[in-house]
Amino acid sequence: MTKYITAILVMASIALCAQENMDENTEKWSAGRPDGHAPISIMGDHMHGQGEWMFSYRYMYMNMEELKQGSNDVSFDNALEEYIVTPTQMPMNMHMLGTMYAPSDRLTVMAMFHYLGMSMDHITRMGGTFTTKTNGLGDVTLSAMYKLWNKKEQVVHARVGVSLPTGSISEEDVTPASAPNNVELPYPMQIGSGTFDTQLAVTYLFQGPILSYGVQVSGTIRLGENNRNYTLGNRYALNQWVGLKLGDRFSLGATLKGVRVGEIDGADPNLNPMMVITADTNNSGGSILNGGLGFNCYLPTGGLKNLRFGFEFGYPLYQDLTGFQLKNQETLTIGLQYAL
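Numbering-wise (the working numbering), the sequence shown opens with residue 412 and increments by one.
See the structure below:
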């Protein structure tokens, strides 16, 4: 764990060193440069000027493969000693449409819509294999960001939002044990949370002549219990990023993201926790540290002025998962953002 703490301190030190070397006459923080937005995987990182709109599209691919128990790699045979079925791989594709509008320089409102597609490969204790799939619209998020501080090259803003339970928690598919009938799928294959969730965040931004830095603390707090008698675990995150401006149109970025997710509370009565590891709430929650590298391309002039393209590749540096769970693997995020 020491090396991960060291990495966090290094990123913060880079920004602080840059700040110390800043000219006192530096202009205020600006979104009108390639590193004016965080790496594309970071949400709610910036605000807009009065009357400005922004529309965005993001595509994220995330893969989970092989198993962990705690921080240790384990084999499928280990899980099959306790369960009849274990997943072996779960790729997920997510499409995100977002819109932002600033009624004033201090306030920006935002809406985000999600469409998810997931598949999960399984192996049984007897050596059989099968795959289940699900897709559909996810939970819709609405939020507002308020600028708390804007001094020279630094900005601090807070975000308050709500996640609406528009995503399904009753997705079904056929398994060998249920054929030819559909059966309800376990928790990771459901598209929504089934609850109204509060989202809170505070973001700090620093922008030097070449280097920029951001840190964001956020939390998703689940409210109540859904109609399947369970509540997903609360989610807390600490995201940090550094941007390197290479001219007016291009920047490089590096991210470090720490996430802590609580265990599922309650249980869906339609699921048998002894059948497959993903139906047992004891196999949920954990801590993950991800690193990412990417770039932003920005058009400051011309017919497509303020169009921005972002790319990021992420990979887990450390993960400690509660019970048996699929390991997080590579994450790929690409996106377009257009402000007017």
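The beta-carbon is built from N, C-alpha and C at its ideal position, and this holds for glycine as well.
In this text, all values refer to a predicted model and were calculated from it rather than measured experimentally.
query: Please give me, in chain order, every unbroken run of the beta strand (DSSP E) with length at least 3 that falls completely inside the stretch 654-724.; result: 661-672 and 697-710
query: What three-state label does DSSP hand Glu435 in the structure shown?; result: Low confidence applies to Glu435: its pLDDT is 40, below 50, so where it sits in the model is not reliable, and the reading given next is rough at best. Coil, per DSSP.
query: So Gly721 and Asn707 are in contact, right, with Cβ under 8 Å, and what is the actual spacing, rounded?; result: 5 Å
query: Are Gly509 and Leu527 touching if we call contact CB-CB under 8 Å?; result: no
query: Between which two residues does the beta strand (DSSP E) carrying Asp532 extend?; result: Leu518 to Thr535
query: Can you list, in chain order, the residues of its chain with a C-beta nearer than 7 Å to that of Gly539? Leave out the 5 residues immediately preceding and following it.; result: Pro587
query: So which of Arg639, Asn693 and Thr689 has the shortest CA-CA distance to Asp679?; result: Arg639
query: Is it right to say Asn694 is buried, meaning 16 or more other beta carbons lie within 10 angstroms of its own, or is it exposed?; result: buried
query: Could you pull the start and end residues of the beta strand (DSSP E) that Asn561 belongs to?; result: Val551 to Lys562
query: So, using beta-carbon positions, are Thr742 and Tyr472 closer together than 8 Å?; result: yes
query: Could you check which residue in Ile495, Phe724 and Pro450 has the C-alpha nearest to that of Ala690?; result: Ile495
query: Quick one: Cα of Ala750 to Cα of Ser574, how far?; result: 24 Å
query: Check whether the stretch 452-468 touches the stretch 631-648, counting contact only when three or more Cβ pairs, one atom from each stretch, lie closer than 8 Å.; result: no
query: Which residues in the same chain have their Cβ closer than 8 Å to the Cβ of Val551, if we skip the five residues on either side of it in sequence?; result: Ala522, Met523, Phe524, His525, Ser574, Leu575 and Thr577
query: Taking 8 Å as the threshold, find out whether the stretch 727-740 comes into contact with the stretch 471-485 through three or more Cβ pairs.; result: yes
query: Where does Tyr615 sit, in a helix, a strand or coil, going by DSSP?; result: strand
query: Would you list the one or two residues that DSSP bridges to Asp608?; result: Ser574 and Arg633
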